[in-house]
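Enquirer:
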Amino acid sequence: MNWMRNKKQTLFFKIFVSFLAIISLFCLFYILIYYVFKTGLQEEIVQNSRNETKNTAERFSNHMEQIQIMLFHLYNNPDLVTFNRQLHRVGFQEADYLKAKDVITDIRGYVYNSLFLLEDVIVHFPSERLAFGKSGSGSSDYMFNTSYHSETYPLEYWNSLIEKPDTFLISPAASFQMKAGSPESGQLLPYTFKNPNASYQIIAMIDIQKAVQSFFGSTEVHSLTITDAKGNVLYHSVGPGPGSHAEDATVPVFQEGKMVHKQNGRYYFKSNGSDGLTYITSLTDNRIADQLHRLTGYMVLICFSSLLVATLVSLYLSRRLHTPVKHMLSSLLDRTSMQEKVDIGSEKTEIWEYDLIQSKMAELKKEKEIIVAKLNRQNTILTNYSYMNQLKNINTDLSEWNDFLADGGSYQIVYYDIRFRISEDGTMPLDRERAVRQLLDYIHLQTKEKFRANHTFQMEKNEIVSVLKEPSVLELQELLEQLKATLDEEKEYYVVTICTLSATDQPTRFSETYQQLRDLASEARLLDETQLISEARPLPEVDQPLLKRGRELDQVLQALDEEACLEWIYQLLVNYSKKDASVLQFRQLGLAIKHHIVKCMDQQLPFKGSEIPSKDWEDMLRDCHSLADYEMAFRHILYTYTAIMRDRSTPSMEEPVIAMFYQIIQTHYMEDISLEYLSERLNLSTTYLSVYIKEKTGVNFSEHLQKIRMNKACELLATTNWTIHEVSIQVGYHNITSFNRIFKKTTGVTPGAYRKEHLIEMNRQQKPVN
Numbered sequence: 000m001n002w003m004r005n006k007k008q009t010l011f012f013k014i015f016v017s018f019l020a021i022i023s024l025f026c027l028f029y030i031l032i033y034y035v036f037k038t039g040l041q042e043e044i045v046q047n048s049r050n051e052t053k054n055t056a057e058r059f060s061n062h063m064e065q066i067q068i069m070l071f072h073l074y075n076n077p078d079l080v081t082f083n084r085q086l087h088r089v090g091f092q093e094a095d096y097l098k099a100k101d102v103i104t105d106i107r108g109y110v111y112n113s114l115f116l117l118e119d120v121i122v123h124f125p126s127e128r129l130a131f132g133k134s135g136s137g138s139s140d141y142m143f144n145t146s147y148h149s150e151t152y153p154l155e156y157w158n159s160l161i162e163k164p165d166t167f168l169i170s171p172a173a174s175f176q177m178k179a180g181s182p183e184s185g186q187l188l189p190y191t192f193k194n195p196n197a198s199y200q201i202i203a204m205i206d207i208q209k210a211v212q213s214f215f216g217s218t219e220v221h222s223l224t225i226t227d228a229k230g231n232v233l234y235h236s237v238g239p240g241p242g243s244h245a246e247d248a249t250v251p252v253f254q255e256g257k258m259v260h261k262q263n264g265r266y267y268f269k270s271n272g273s274d275g276l277t278y279i280t281s282l283t284d285n286r287i288a289d290q291l292h293r294l295t296g297y298m299v300l301i302c303f304s305s306l307l308v309a310t311l312v313s314l315y316l317s318r319r320l321h322t323p324v325k326h327m328l329s330s331l332l333d334r335t336s337m338q339e340k341v342d343i344g345s346e347k348t349e350i351w352e353y354d355l356i357q358s359k360m361a362e363l364k365k366e367k368e369i370i371v372a373k374l375n376r377q378n379t380i381l382t383n384y385s386y387m388n389q390l391k392n393i394n395t396d397l398s399e400w401n402d403f404l405a406d407g408g409s410y411q412i413v414y415y416d417i418r419f420r421i422s423e424d425g426t427m428p429l430d431r432e433r434a435v436r437q438l439l440d441y442i443h444l445q446t447k448e449k450f451r452a453n454h455t456f457q458m459e460k461n462e463i464v465s466v467l468k469e470p471s472v473l474e475l476q477e478l479l480e481q482l483k484a485t486l487d488e489e490k491e492y493y494v495v496t497i498c499t500l501s502a503t504d505q506p507t508r509f510s511e512t513y514q515q516l517r518d519l520a521s522e523a524r525l526l527d528e529t530q531l532i533s534e535a536r537p538l539p540e541v542d543q544p545l546l547k548r549g550r551e552l553d554q555v556l557q558a559l560d561e562e563a564c565l566e567w568i569y570q571l572l573v574n575y576s577k578k579d580a581s582v583l584q585f586r587q588l589g590l591a592i593k594h595h596i597v598k599c600m601d602q603q604l605p606f607k608g609s610e611i612p613s614k615d616w617e618d619m620l621r622d623c624h625s626l627a628d629y630e631m632a633f634r635h636i637l638y639t640y641t642a643i644m645r646d647r648s649t650p651s652m653e654e655p656v657i658a659m660f661y662q663i664i665q666t667h668y669m670e671d672i673s674l675e676y677l678s679e680r681l682n683l684s685t686t687y688l689s690v691y692i693k694e695k696t697g698v699n700f701s702e703h704l705q706k707i708r709m710n711k712a713c714e715l716l717a718t719t720n721w722t723i724h725e726v727s728i729q730v731g732y733h734n735i736t737s738f739n740r741i742f743k744k745t746t747g748v749t750p751g752a753y754r755k756e757h758l759i760e761m762n763r764q765q766k767p768v769n
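Using numbering that gives the first Met the number 0, you'd call the opening residue of the sequence shown number 0 and step up by one each time.
As structure tokens, then:
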């Protein structure tokens, strides 16, 4: 019994029991989640079936639209139109059948294109009793009673269609015997096109079984019914095997506005396609029940397996956690008796190992208190505020200076606004936080030499404030002149605006005075030197050029004339400079032009989803402190703008497959896309898609993708401060070595050399303007 009581107090026992308690809670939580999930599973299966029906409708609608376009183009084929005129003008015997042969060649191109899923395309001349398709020309009687024989659609049916007013007409699917006396037959869906009062019609024989297999999938579990706008059943399939006749279908009646209906133990799902057809799928209720039973079995098996594995892992981890503690205690006790050390701690816990550690920690705490007391008795340099602020690297709370301000007497505030500049190579040469700390230390030391009672601290990220007690005007002026001379030596790195106001003896006006000083800094002139400001100046009235001349900027932007855009913007900046505008007015003008460029890009880009670096542009404009800075920034912005517009404004191809191909790779180039991924998206085989892209564009898939990625990489290297590794990831290359190799092979230089050459060229173009 004593052994058992001692074991309960060990670290191993406590950890193991804790693990088991957590496992039990997780098991209960798992069971609760399972029951909640089970109740919603049926609804989830129904929702998935609805989504499948909707996707099927979208695929069929897109396919029907392609068939419509094909029929329209074939109907207006110049050779077919000429042949039809000859039939009416010179008769059946004298017509030029070479024209018909060219039409048959086009028909074969459509039929043998797996994209259309066609069995044949028939051109029928009822009055001349003539028809021809992929196998050649012949009489109408041979075409519809021998080549494509159907009890549902005899020759008389096709002759009667020429009198109907419909332009596009989809007839119900039926079984066609391909050759008389042959067992070969198939389920075909006729799609007819003709113009009103026309003398010929074109019939597309759609292989409905292949279409269902491609757009819907297997019909072993689900069934598919297609109806037209009048509710007539065009196609119906159910169960395994070939599709049944349309007249065998029973279409349930859906309530108004409802897309799901349950009847006779089956779920029915409806979706309206953009082609005017209605697609209805069904699923038996037993199928859902079977899935629930299988799920229950799997969940029970997983639960017990997880419980067993978790228990074994808990036992293993408990021993792993306990063993190091035993070794630590052995070393800590210097091989003395553990029971003797238990009594050292004043507070006891239920784990005796922790009691020993606590006793040692109590001794260390006493030693720490002795050391801290010694440090507090000494006035070391660490108690100085500026060093403490540097160590903490935080902004000082103004409440710390209440005692300083409440001592009485007047005080004066000196405000330093630090604005960092971008170097000529387009990078940030300094660590901003470190530079501000160094300036803080320097200003503090210089101020301390002149004024005994002072405090210098950092307010915001780029703001330093000095509070001086009863300063002398001459001494203050001498200090500021000295600081100006020193700061101007570093003006290629940063520009400082120093603002002061008259001294005050009201501590409560500190916040108000501080805000007034910030307003004075915003009225500074656009100069690349330190400015001393002690009073407000009247700001010039500047117009809003984009309201009056915005169309001029739109014209040069749409023309992608980078130099004309830059000249237009530079004239505005020079005009502001002549009026002696403030840095705030310049910044507002620059941001307004930037917003106008971004708006123009949003309106012109044909493919949405392209990333416009608006935030990077805004940060770049906020770091401009001279006309040269603004010109360099806008040169970067316009270069990026023209690069994006030229890259993104690829004209749409006539072929819908090529247009969708360009859209996919231009919006997903940064992902790991492949030819297999594209073939799934376009519903084409990989081999056929590769040959088709090469034939239509002259370039294979990998070369297209590499070109887009390299163009984007050049854009990012020229317009951002990202590292080369970050750029490679952004354009889809996670291996920096592969990216460097492909970039050099494409451009002839390494990424680092390209960025350096671009920046040198930008600076060379900037210097003549300056």
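For every residue, glycine included, the Cβ atom is placed at its ideal position computed from N, Cα and C.
In this text the structure is predicted, and so the values were computed from the model without any measurement.
Have a look at Met63, Leu276, Thr280 and flag the residue whose alpha-carbon is nearest the alpha-carbon of Arg49.
Expert: The shortest C-alpha separation from Arg49 is found at Thr280.
Enquirer: Thinking C-beta only, is Ala520 closer than 8 Å to Thr496?
Expert: Contact: yes.
Enquirer: Starting from Ser136 and walking both ways along the beta strand (DSSP E), at which residues does that stretch end?
Expert: From DSSP, the beta strand (DSSP E) with Ser136 extends over 135 to 138.
Enquirer: Relative to the C-alpha of Pro537, which residue among Thr499, Ala580, Ile663 is closest?
Expert: Here the closest residue by C-alpha is Ala580.
Enquirer: Within 8 Å, do at least three Cβ pairs link the segment 634 to 641 to the segment 543 to 561?
Expert: As far as the Cβ criterion goes, the segment 543 to 561 touches the segment 634 to 641, which means the pair count is three or higher.
Enquirer: Find the nearest neighbour of Trp721 within the set His624, Glu679, Pro612, judged by alpha-carbon distance.
Expert: Ranking the options by Cα distance to Trp721, first place goes to Pro612.
Enquirer: Could you check whether Thr166 and Phe192 sit closer than 8 Å to each other, using their CB atoms as the reference points?
Expert: Yes; because the gap between Cβ atoms is below 8 Å, this pair is in contact.
Enquirer: Quick check on Leu538: does DSSP put it in helix, strand or coil?
Expert: If DSSP states are grouped into helix, strand and coil, Leu538 belongs with coil.
Enquirer: Let me know the secondary structure DSSP gives Tyr414 once reduced to three states.
Expert: Strand at Tyr414.
Enquirer: Taking the alpha-carbon positions, what's the Leu117 to Pro750 distance?
Expert: In a straight line, the C-alpha of Leu117 is about 50 Å away from that of Pro750.
Enquirer: Which same chain residues end up closer than 8 Å to Glu714 when comparing Cβ atoms and leaving out the 5 residues on each side of it in sequence?
Expert: Only Thr639, Ala642, Ile643, Asp646 meet the Cβ criterion.
Enquirer: Among all the DSSP beta bridges, which residues are the ones paired with Phe167?
Expert: DSSP output for Phe167 lists Phe192 as bridge partner(s).
Enquirer: Rounded to a whole number of angstroms, what is the C-alpha to C-alpha distance between Glu566 and Thr718?
Expert: In a straight line, the C-alpha of Glu566 is about 20 Å away from that of Thr718.
Enquirer: Beta-carbon separation of Ile169 and Asp227 under 8 Å?
Expert: Yes. Within cutoff.
Enquirer: Express the C-alpha separation of Tyr111 and Phe124 in angstroms, rounding to a whole number.
Expert: Their Cα atoms are separated by approximately 23 Å.
Enquirer: Report, in whole angstroms, the separation of the C-beta atoms of Ser213 and Asn682, which I expect to be a contact under 8 Å.
Expert: That belief holds up - the Cβ atoms of Ser213 and Asn682 are roughly 6 Å apart, short of 8 Å.
Enquirer: So Thr455 and Leu475 are in contact, right, with Cβ under 8 Å, and what is the actual spacing, rounded?
Expert: Thr455 to Leu475, Cβ: 14 Å. No contact.
Enquirer: Under 7 Å Cβ to Cβ from Asp101, same chain only, skipping five residues before and after it: list those, please.
Expert: Once the five neighbours on either side are set aside, the close Cβ partners of Asp101 are Asp78.
Enquirer: Between which residues of its own chain and Ser678 is the CB-CB distance below 7 Å, once the five residues before and five after are set aside?
Expert: Excluding sequence neighbours, Ser678 sits near Ser684, Thr685, Leu688.
Enquirer: Per DSSP, what kind of secondary structure is Ser270 in: helix, strand or coil?
Expert: DSSP places Ser270 in strand when its eight states are reduced to three.
Enquirer: Let me know if Thr529 comes out buried or exposed under the rule of 16 or more other beta-carbons within 10 Å of its beta-carbon.
Expert: With 16 or more Cβ atoms within 10 Å of its Cβ, Thr529 is classed as buried.
Enquirer: Just checking, does the segment 460 to 474 make contact with the segment 407 to 416 on the three C-beta pairs under 8 Å criterion?
Expert: Yes: at least three Cβ pairs fall under 8 Å.
Enquirer: Quick check on this structure: which residue in Arg420, Glu366, Ser533, Glu127 has the alpha carbon closest to the alpha carbon of Ala434?
Expert: For the residues Arg420, Glu366, Ser533, Glu127, the minimum Cα distance to Ala434 belongs to Arg420.
Enquirer: Is the segment 189 to 207 in contact with the segment 63 to 79, if contact means three or more CB pairs nearer than 8 Å?
Expert: A contact exists between the segment 189 to 207 and the segment 63 to 79.
Enquirer: Which partner residues of Cys498 appear in the DSSP bridge assignment?
Expert: For Cys498, which the question treats as bridged, DSSP gives the partners Tyr414, Ile532.
Enquirer: Please name the residue or residues paired with Gln176 in a DSSP beta bridge.
Expert: According to DSSP, which records beta bridges pairwise, Gln176 is partnered with His148, Ser184.
Enquirer: For Thr507, decide whether its Cβ has a neighbour in chain B, counting only Cβ atoms nearer than 8 Å.
Expert: Of the protein chains in the structure, only one exists, and it is not chain B.
Enquirer: Relative to the C-alpha of Ser501, which residue among Arg524, Ile532, Ala484, Ala523 is closest?
Expert: When only C-alpha atoms are compared, the closest one is Ile532.
Enquirer: What does Ile205 pair with, by DSSP beta-bridge criteria?
Expert: The partner list for Ile205 (beta bridge, DSSP) reads Leu117, Leu188.
Enquirer: How do the segment 81 to 95 and the segment 143 to 157 stand: do at least 3 beta-carbon pairs fall below 8 Å, yes or no?
Expert: Cβ pair count under 8 Å is below three, so no.
Enquirer: Looking at Lys593: is its Cβ nearer than 8 Å to the Cβ of Val541?
Expert: Result no, Cβ atoms of Lys593 and Val541 do not sit closer than 8 Å.
Enquirer: If we call anything under 8 Å between Cβ atoms a contact, is Phe71 one with Gly272?
Expert: No. Outside cutoff.
Enquirer: From Ile30, Asp527, Glu480, Leu758, pick the residue whose C-alpha is nearest to that of Glu491; which is it?
Expert: Cα-wise, what sits closest to Glu491 is Asp527.
Enquirer: Once the 5 residues before and after Leu727 are set aside, which same chain residues still bring their CB inside 7 Å of it?
Expert: A quick correction: the sequence has Ser, not Leu, at residue 727. Here the set comprises Ile735, Phe738.
Enquirer: Hey, how far is the Cα of Leu572 from the Cα of His595?
Expert: Roughly 16 Å separates the two Cα atoms.
Enquirer: Taking the straight line between their C-alpha atoms, what separation do you get for Ser358 and Lys364?
Expert: If you take the alpha carbons of Ser358 and Lys364, they lie about 10 Å apart.
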